[in-house]
């Protein structure tokens with residue numbers, strides 16, 4: 236298991252460690268779903284480090300989890316990107332493209348089952364071998380939003396976008 | 236500005252840097268809103284590092300942003316916690332409590348305005364001085380979920396929970 240150390244350059248140090256690894260069918264950054272909405276029926280497993288199993292107590296009552304993870308195959312970043320759903324460029328923070336200054340991804344997935352340290356999930360849209368940083372339970376009263384305006388994404392949205400797949404532009 | 240270095244202990248190294256700092260009215264970990272829903276009318280600012288301003292292009296079309304940040308005042312973690320909304324303990328991953336193996340927070344806030352590198356936001360529920368790691372545009376088609384079951388949170392939910400404030404149990 237890899238360890239991460241987070242060093243503040245004023246010499247304060249925090250140690251960061253992936254809490255587990257996500258095993259998915261996606262072996263390459265291209266031809267992947269671009270969001271969980273495109274990953275219906277995609278089953279994956281989280282292999283949680285066994286030392287954290289106690290932290291899963293009562294998680295089985297939740298239908299959805301938000302995963303926070305490293306985009307471990309993304310190299311460097313771009314401040315302007317042309318995302319998969321558009322032919323025009325936008326600022327990276329106005330997109331969900333992976334080539335971000337800090338390569339952190341979030342995905343809300345369905346929880347199917349928990350068996351000791353193995354969580355089976357559905358709608359996984361991340362690469363195989365992704366280092367997992369956190370699991371948060373999804374709670375509509377905290378996480379859903381209404382009366383949202385979503386700029387260029389509203390303009391470009393079409394239900395068929397669900398079927399969009401990635402290419403290798405952000406490799 | 237502090238820098239973070241992420242070191243894989245197999246000697247692969249990633250450099251991690253906060254993209255900015257969040258300035259809020261909350262100077263102490265106790266007596267804070269426990270989620271953005273409790274932070275109505277709380278105005279805060281994000282001071283983005285100027286080098287990233289290009290990445291904000293077109294973000295002003297969005298009404299909501301999901302912020303990813305460090306819970307920089309949380310020391311260590313607990314696998315079992317009694318969260319603010321319950322008197323019984325749960326596994327840390329079945330709660331949104333801050334004392335997590337990796338002290339990463341997410342909050343979806345309202346975007347009020349952008350002026351060069353300063354973003355004014357509403358519904359900020361994080362401590363003053365929080366190091367920001369990422370800004371993602373909130374998009375209902377990606378981020379909202381229906382038909383959710385939320386275990387103990389469903390059982391304990393009451394609209395008055397909006398007004399819950401933190402204490403210092405996770406200091």
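Residue numbers (the numbering used here), protein chains in the order written: chain A, 236 to 406; chain B, 236 to 406.
C-beta atoms are modelled at their ideal positions from N, C-alpha and C, and glycine is treated no differently.
1. List the residues of chain A whose Cβ lies closer than 7 Å to the Cβ of residue 270 of chain B, in chain order.
2. Residue 262 of chain A and residue 363 of chain A: beta carbons closer than 8 Å?
3. Whether or not the segment 282–292 of chain B and the segment 305–313 of chain B are in contact is what I'm after, with contact meaning three or more pairs of Cβ atoms, one per stretch, closer than 8 Å; do they touch?
4. Applying the criterion that 16 or more other CB atoms from any shown protein chain within 10 Å of the CB defines a buried residue, is residue 275 of chain B buried or exposed?
5. Determine whether the beta carbon atoms of residue 392 of chain B and residue 321 of chain B lie at a separation below 8 Å.
6. Do residue 349 of chain A and residue 295 of chain A count as a contact pair if the criterion is CB distance below 8 Å?
7. Residue 282 of chain B bridges to which residues according to DSSP?
8. Can you list the residues of chain A that residue 383 of chain B reaches, using a CB-CB cut of under 7 Å?
9. Taking C-alpha atoms, which residue in A/273, A/277 and A/284 lies nearest to residue 370 of chain A?
10. Which stretch, first to last residue, makes up the beta strand (DSSP E) that contains residue 402 of chain A?
11. What residues from chain B crowd round residue 190 of chain A, counting only those whose CB sits closer than 8 Å?
12. Residue 339 of chain B to residue 333 of chain B, Cα distance in whole Å?
13. Just to confirm, is the Cβ distance from residue 273 of chain B to residue 399 of chain B under 8 Å?
14. Would you mind stating whether residue 405 of chain A and residue 366 of chain A have Cβ atoms separated by less than 8 Å?
15. From residue 327 of chain A to residue 253 of chain B, what does the alpha carbon distance come to, in whole angstroms?
16. What do you get for residue 271 of chain B, buried or exposed, if any count of 16 or more other CB atoms within 10 angstroms of its CB means buried?
17. By DSSP, does residue 273 of chain A sit in helix, in strand, or in coil?
18. When burial is assigned at 16 or more other CB atoms within 10 Å of the CB, is residue 358 of chain A buried or exposed?
19. Spatial neighbours of residue 282 of chain A within its chain, please: C-beta separation below 7 Å, excluding the five flanking residues on both sides.
20. Just the chain A side, please: which residues come within less than 8 Å of residue 336 of chain B by C-beta, in chain order?
21. Would you say residue 343 of chain A reaches chain B, if we count a Cβ-Cβ gap shorter than 8 Å as a contact?
22. Determine the DSSP secondary structure at residue 339 of chain B, reduced to helix, strand or coil.
23. State buried or exposed for residue 360 of chain B, treating a residue as buried only when at least 16 other CB atoms are found within 10 Å of its CB.
24. Please report the straight-line C-alpha distance between residue 319 of chain A and residue 341 of chain A, rounded to a whole angstrom.
25. I want to verify the contact list: residues of chain B whose CB lies under 8 Å from the CB of residue 311 of chain A, in sequence order.
26. Classify residue 402 of chain B as buried or exposed, calling it buried when 16 or more other Cβ atoms lie within 10 Å of its own Cβ.
27. Based on DSSP bridge pairs, tell me the residues matched to residue 304 of chain A.
28. Out of curiosity, what's the CA-to-CA distance linking residue 244 of chain A and residue 346 of chain A?
29. For residue 388 of chain B, decide whether its Cβ has a neighbour in chain A, counting only Cβ atoms nearer than 8 Å.
30. Of all the CB atoms in chain A, is at least one closer than 8 Å to the CB of residue 303 of chain B?
31. I want to see whether chain B comes within less than 8 Å of residue 319 of chain A, judged by CB atoms only; does it?
Reading off the structure:
1. The answer, in chain order, is 377.
2. In this structure, residue 363 of chain A lies closer than 8 Å to residue 262 of chain A by Cβ.
3. No, they do not touch.
4. Burial check for residue 275 of chain B: the Cβ neighbour count within 10 Å stays below 16, so the residue is exposed.
5. At least 8 Å separates the beta-carbon of residue 392 of chain B from that of residue 321 of chain B.
6. Yes. Within cutoff.
7. BP columns for residue 282 of chain B point to B/256 and B/353.
8. Near residue 383 of chain B (Cβ distances below 7 Å), the residues of chain A are 298, 299, 373 and 375.
9. Considering only alpha carbons, the answer is A/284.
10. Residue 402 of chain A -> no beta strand (DSSP E), and no H or E assigned at all.
11. This structure cannot settle anything about residue 190 of chain A, because the visible part of chain A is limited to 236 through 406.
12. Using only the alpha carbons, I get a separation of about 8 Å.
13. Their beta carbons are under 8 Å apart, which means residue 273 of chain B touches residue 399 of chain B by this criterion.
14. Not a contact, by the Cβ cut-off of 8 Å.
15. When only Cα atoms are considered, residue 327 of chain A and residue 253 of chain B end up about 15 Å apart.
16. Flag for residue 271 of chain B reads buried.
17. Helix at residue 273 of chain A.
18. If you draw a 10 Å sphere on the C-beta of residue 358 of chain A, you find 16 or more other C-beta atoms in it, and that means buried.
19. These residues qualify, in order along the chain: 255, 256, 258, 352 and 353.
20. By Cβ distance, chain A contributes 252, 254, 287, 290 and 369.
21. So yes, residue 343 of chain A belongs to the interface.
22. In the structure shown, residue 339 of chain B sits in a strand (DSSP, three-state: E or B).
23. Taking all protein chains in view, the Cβ of residue 360 of chain B is crowded by 16 or more other Cβ atoms within 10 Å, so the residue is classified as buried.
24. Going from the Cα of residue 319 of chain A to the Cα of residue 341 of chain A covers about 17 Å.
25. Correct list: empty, because the minimum Cβ distance to chain B is about 11 Å.
26. Exposure of residue 402 of chain B is indicated by the presence of fewer than 16 other C-beta atoms within 10 angstroms of its C-beta.
27. Partner(s): A/340 and A/367.
28. Its pLDDT being 48, under 50, residue 244 of chain A is placed unreliably by the model, and the measurement read from it follows with that caveat. Taking the straight line from one Cα to the other gives about 38 Å.
29. So, interface residue.
30. Residue 303 of chain B counts as touching chain A.
31. No, its Cβ sits nowhere closer than 8 Å to a Cβ of chain B.
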